[in-house]
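Asker:
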Amino acid sequence: MKQYKWAFNWLGKQKYLLILAIIFDIAGVGLMTWEPYIFKDIVDDVLMPQQFERLLPMLGLSLLVGLAFSVCRYLTSVLAEMAAETAVVRLKGALFRKLMALGTDYYRENKAGDIINKCSGDVEVISRSLSFVIPRAVEFVLMLVVAIVVFMRINWKYTLILLLVSPFTAIAANKLGKKIHPAFKKARKQLSNLNAVVAENIAGNRVVKAFVREDFEMKKFQTENQAYKARNIEAVMIWLRYGPIIDSLASIITVINLAVGSILVIIGVDHGGITMGQLTLFLTFAWTLNEPLMMMGMLVNDVQRFRASTEKVQELYYMDESIKEPEKDESPASVEGRLDLEHVTLTYGSTKVLDDVNMHIEPGQVIGIMGPTGCGKSTLVNVIDRFADVTEGSVKLDGVDVRRWSLKKLRRSIGLTMQDVFLFSDTVESNIAYGVPDTDMDNILASAVIADADEFVSGMPEKYDTIVGERGTGLSGGQKQRISLARALAKHAPVLILDDTTSAVDMETEEYIQQQLKAMPDKCTTIIIAQRVSSVKHADYIYILDKGRIIEEGSHRELMKKGGYYYKTCVMQHGLDEAEADGTLRGVMGSALEGGAV
Amino acid sequence: MARNKYNIDEELDAPFNWHQFKRSLVYVKKYRKQIILMFALAILSSLLALLTPRIQAYIIDRLIPQGHKAIGTIIVLGVGYFLINVGTIFINRRKSIISTDTSQSMTTDMRTDVYVHLQKLGFDYYDSRPHGKILTRVINYVNNVSDFLTNGLVNAILALINLVIIFVFMLTLSPKMTLVVLAGLPIFAVYVALTKPMQRRFRQKAANKQSNVTAYLSENINGVKVTQAFAREEMNSGIFDGLLKENKLYKLRAAYVAHGMYPIAATLMRIVKCAIYVAAIYWFRKDFILEGVVQIGAITAMVSYSNRFWAPIMTIGNIYNQLMDAMSYLERIFQVLDEPVSVEDDAAAKDLPPIDGHVQFDDVVFEYEKGIPVIKHVSFDVKAGESIALVGPTGAGKSTIVNLISRFYNVTEGAVKIDGHDLRSVTLNSLRQQMGVMQQDTFIFSGTIMDNIRYGRLNATDEECIAAAKAVHADDFIRGMEDGYETETKERGEGLSAGQKQLISFARTLLSDPRILILDEATSCVDTNTERLVQEGISTLLKGRTSFIVAHRLSTIRNCDRIFYIQGGVIAEEGSHDELMAKKGLYYELYTSQIRELLALD
């Protein structure tokens, strides 16, 4: 019931549509019961006494009633559907908003296929419940009440005999409900498993092909596909176990009507029986008792399906957001781009991903960050852009803890390119303008030029109107990275974070991009995370991270002198081994360093 | 290549035709026996259902007038009546069991077919549309179709049989009156004919819009971090609302037309009913008023036949709606099945025998899009066991060249040969099984890290997987994780760093023990020290294998036997590091500029 109330709320103001639908439904039932009476009158009052002049008006009346019934029926279906569809739009919209607010932790635990299912299949079940099950339920309850009243007025004892069956029907329906609920849940779960396998197969199609694993994938798929079939059949079988019992019980009513009714007629009214006319009425109206009892099972079935789906949808709708908006936005009016990381520590489970990291970055400074794989570089970006909150310490932008910034404002102030480039299946233009949808073409072009994307985009057949595939497939890694960089630049944010943005770009292009960035008119605080020395060497200051801690820091020059991680990396990257480096490069560089120039 | 995005409907080229429908019967045919059994049961239950009114009539007309002595018979007949009802119910139950099983099996079959075909489709298919749209076809559309193919079809044919039987009954009763009953049919037919194109259009639109909704949703789930980073949540929610509203619009339009079917038929039925009365009294008096007595029995019989005649028509009307729905889904499903496979085995293709790894390009031209060559007349000859580095600006065609070696695409002109075999003359499986490809986009499956490595060779032991991980120096970080090799990996490797994902993919590739190894930016996200350890680790493994390495880091490139400098779709320079350095061309420029840069400190 609670769940129905919840679902009902999604109708909002359109509740009246559903109420109207139910009213028309009831009116339809009324008209349907009236119709036989008209034809009874035609037979008794027109045909038998041969008063044919009354035939046409009576037929006209029956037609009107019939027409009215049809109209009611039509309006019921259409209004209910309109109401349900409105609720669907609202509910799906609300779920989408929720999805947009949920953090990385949610997406790590939940598979995309499963989430999609909640937002589509399950919502459709709720919608069907609103448009079909609720009106039907109201209709049947009403029918049952009317039937009982009609029957009671004729002969209450007899009616009680008829109703003897109903408790058994109730018990069977209740049992059905209890058994079928878990079956629906299982079927529902299996559908999401199937969804997940197919979704993964589609997303990983390149790897599947490269490893010729089509057969293996087929097996994985078949397991889930067959299991889905089995779960569905199981649920239907439960229904088929109880449904016939409920139907048989309902059919007892007809039998009692016929056999007991006939015997009562024979006994005669004088001895507590009924008249022939009353029996005919009973028989004519038997279906008003029968049908609701028979449909009870069907309704229980639908209600349980509805409950299973509502549970799933509610699970998502009430999911707690791990990254919350502050109660009050304390961000400054204009953003300069000063970043302070003070004793930043982040723990996942028992491992410290960031361990007491301190950085102070002035507005307009360019910072480089390097470090071995898995050292926490990308996590650092996450705590600045609040994709994760620090466990200890604080990250401050312009002196205000980022947790006290409005999320939107914070993220609008940071231009970010991510290691795992994601482009939307949309035009290049829309992808670059993603953060600033209202921007003009000049900005898009300018950003593309800085990112060195303009040249290859202009070479594409539809230029900036070319649609790129989901995740940017079809573009080379370097091309994707450059579009992603242009996308970050188009925002003109005071802070720019480039997480491994040029790893797939050749050195010359990288150098070109660096020069372009340097020449940008609006100076922004820039953090460059990279594996290549060439990417960070121009930075004002460089941090080296290892196992979540800062192990080296300084300018390129200082770090080269130091001969630590940075120096070693630098030497290796230029294809020299250490002996060679010590012999030649160090010598060259040593003198260069001492000389201060080359 | 025409690409699709979330708000572009995928229009169908072929209009609705019976051919499509007939084609769907392939799935039905397999379950011929079950369907026939369903028919038999359905006919049996309708016959039983015909018995009960007769029992009722017998009790009321014959037994009640006999008084008390008939009570025993009434009770016996009552029990018989009940048993017939229960019999009908259980016959229907049997029928439902069969139909459930059949429709579920059909769904499973159809889904399998779609999935099998999807495995054959090339990169171009996946690259040119949102993945959500593909997913919808495999899951949702297939679910929607199968129920129609079993229950819908059986009910429709049953309704037709009923129609014929009642028609015959009516004819025997009164041929003239039968004409009156039939008079309503043309009107109904006109309604159906008029609404059919509308129905089809709305339903197709609705299906298209539905697919757009799913595509947008799925893409936004995958790209949620970008959306959040760019604070686009509100705008995207607005776009999503717009898609939902469009979907609603067409769904409702289709509903307006579809829900009209029943009321129209019901109204026609009532008009016919009135016409029967009018006809009996005014037009066919001779037949229906005998000796001044109106033959009420005959009239009501005709009316009840007329009602029974229209009932199956309404059923067919309802099924017609379902048919329209099923058709729009079937068309989408067939569209996937009809998608031409761009790269497939030639009819005469033979298995590629175990190879040495001698790779030749003979004047290869390749175009993704007609008229725009990406690779322009490239020829080279790589001896077995040679290692080749491909360098050059982004988008020059390096990845395309290596993709052609695995025949992920077919060459437009020229030929690619391995050990002298033209790739088009050998089976894809035998070819790709001998190649180890590590692509730019690493992909991690959900499962465990061990599963992901083993993906390279399914029958590899744990020890072999670990050895591969050790070779690429992934062993350390994997052991450092809470559950080591059994650590669960999430969809897309969420939670692993990009470098870690690359190392796992690398181990996977090595495990497959390929003759030809292709590393496309295999270690771009890995730190230099690890990269060097990886190179040392795999150097023994690489001996004797042909390898193609696409990379930007000089340290990776320098150690290769030969270097191809790719620019603008051609090999602009080739030779060993020393040769190219001596040549003082493009490569020299690239290399020295970097060294120079390193030294240029300010």
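Chains as they are written, first to last, in numbering that gives the first Met the number 0: chain A, 0 to 597; chain B, 0 to 601.
Just so you know, even glycine gets a beta-carbon here, dropped at the ideal spot from N, CA and C.
1. In this structure, how does DSSP classify Glu-552(A) when only helix, strand and coil are distinguished?
2. Can you list, in chain order, the residues of its chain whose CB lies under 6 Å from that of Thr-500(A), leaving out five sequence neighbours each side?
3. What do you get for Glu-330(B), buried or exposed, if any count of 16 or more other CB atoms within 10 angstroms of its CB means buried?
4. Quick one: what does DSSP say Asp-344(B) is sitting in, helix, strand or coil?
5. In chain order, what residues of the same chain lie with their CB nearer than 7 Å to the CB of Phe-333(B), ignoring the 5 residues before and after it?
6. Show which residues of chain B have a CB atom less than 7 Å away from the CB atom of Pro-362(A).
7. Among Pro-52(B), Cys-524(B), Ala-467(B), Lys-28(B), which residue has its Cα nearest to the Cα of Ser-303(B)?
8. Ignore the nearest five residues each way along the sequence and tell me which others in Leu-257(A)'s own chain have a CB closer than 8 Å to its CB.
9. May I ask you to list the residues that DSSP assigns as paired with Asp-545(A)?
10. Using a C-beta cutoff of 8 Å, does Glu-368(B) count as contacting chain A?
11. Against chain A, which members of the segment 369-396 of chain B pass a CB distance test of less than 8 Å?
12. Going along the chain, which unbroken runs of the beta strand (DSSP E) with 3 or more residues stay wholly within the segment 354-384 of chain A?
13. Under a three-way DSSP split, which group does Tyr-30(B) fall into?
14. Mind listing the chain A neighbours of Met-234(B)? Cutoff is C-beta to C-beta under 8 Å, in chain order.
15. Report the partner residues of Lys-416(B) according to the DSSP bridge assignment.
16. Could you tell me which of Glu-412(B), Gln-321(B), Thr-266(B), Leu-322(B) sits nearest to Asp-362(B), measuring between CA atoms?
17. Check each candidate in Phe-360(B), Ile-387(B), Asp-440(B), Pro-392(B) and name the one with the smallest Cα separation from Asp-418(B).
18. Quick one: residues in its chain with C-beta nearer than 8 Å to the C-beta of Asp-526(B), no 5 flanking neighbours on either side, listed in chain order?
19. DSSP state of Val-597(A), grouped into three classes?
20. Cβ of Leu-58(A) less than 8 Å from any chain B Cβ?
21. Here's the rule: buried if 16 or more other CB atoms are within 10 angstroms of the residue's CB, otherwise exposed. What is Asn-91(B)?
22. Between which two residues does the alpha helix (DSSP H) harbouring Pro-166(A) extend?
23. Helix, strand or coil, according to DSSP, for Arg-561(B) in the structure here?
24. Any heavy atom of the ligand NAD closer than 7 Å to the beta-carbon of Ile-244(A)?
25. On the criterion of 16 or more Cβ atoms from any shown chain inside 10 Å, does Trp-238(A) qualify as buried, or is it exposed?
26. Under the three-state reduction of DSSP, which class applies to Gly-446(B): helix, strand or coil?
27. Less than 8 Å separating the beta-carbons of Arg-533(B) and Val-436(B)?
28. Along the segment 417-435 of chain A, where does the CB come closer than 7 Å to a CB of chain B? Name the residues.
29. Give a yes or no on contact between the segment 126-141 of chain B and the segment 201-213 of chain B, applying the rule of three or more CB pairs nearer than 8 Å.
30. What residue range does the beta strand (DSSP E) around Phe-476(B) cover?
31. Please list, in chain order, the chain A residues whose beta carbon lies closer than 9 Å to that of Ser-405(B).
32. Identify each residue in the segment 523-535 of chain B for which the Cβ-Cβ distance to at least one residue of chain A is less than 7 Å, and report them in chain order.
33. Who are Ile-466(A)'s beta bridge partners in DSSP?
34. For Thr-101(B), does the count of other Cβ atoms within 10 angstroms reach 16, so buried, or fall short, so exposed?
35. I'd like to check one pair, Ala-230(B) with Arg-411(A): are the Cβ atoms closer than 8 Å?
36. Consider the Cβ of Ser-121(A): report whether some Cβ of chain B lies at a distance smaller than 8 Å.
Answerer: Considering the structure as presented:
1. strand
2. Thr-416, Gln-480, Leu-484
3. buried
4. coil
5. Gln-19, Arg-22
6. Near Pro-362(A) there are no residues of chain B at all, since even the closest Cβ is about 21 Å away, more than 7 Å.
7. Pro-52(B)
8. Leu-282
9. Arg-548(A)
10. yes
11. Ile-371, Val-390, Gly-391, Pro-392, Thr-393, Gly-394
12. 365-369
13. coil
14. Pro-436
15. Gln-359(B), Asp-421(B)
16. Glu-412(B)
17. Phe-360(B)
18. Gly-498
19. Per-residue confidence for Val-597(A) stands at a pLDDT of 31, beneath the threshold of 50, marking its modelled position as unreliable; the derived number appears in the next sentence. Val-597(A): coil per DSSP, three-state reduction.
20. yes
21. buried
22. 165-202
23. strand
24. Of the ligands one can find in the structure shown there are none, so the ligand NAD has no counterpart to examine.
25. buried
26. strand
27. This sequence places Val at residue 533(B); Arg is not what is there. Not in contact: Val-533(B) and Val-436(B) (Cβ atoms no closer than 8 Å).
28. Met-417, Gln-418, Asp-419, Phe-421, Phe-423, Ser-424, Asp-425, Tyr-433, Gly-434
29. yes
30. No beta strand (DSSP E) holds Phe-476(B); the alpha helix (DSSP H) holding it covers 474-478.
31. Lys-208, Ala-209
32. Ser-523, Cys-524, Val-525, Asp-526, Thr-527, Asn-528, Thr-529, Arg-531
33. Thr-426(A)
34. buried
35. yes
36. Residue identity check: residue 121(A) is Asp in the sequence provided, not Ser. So no, Asp-121(A) is outside the interface.
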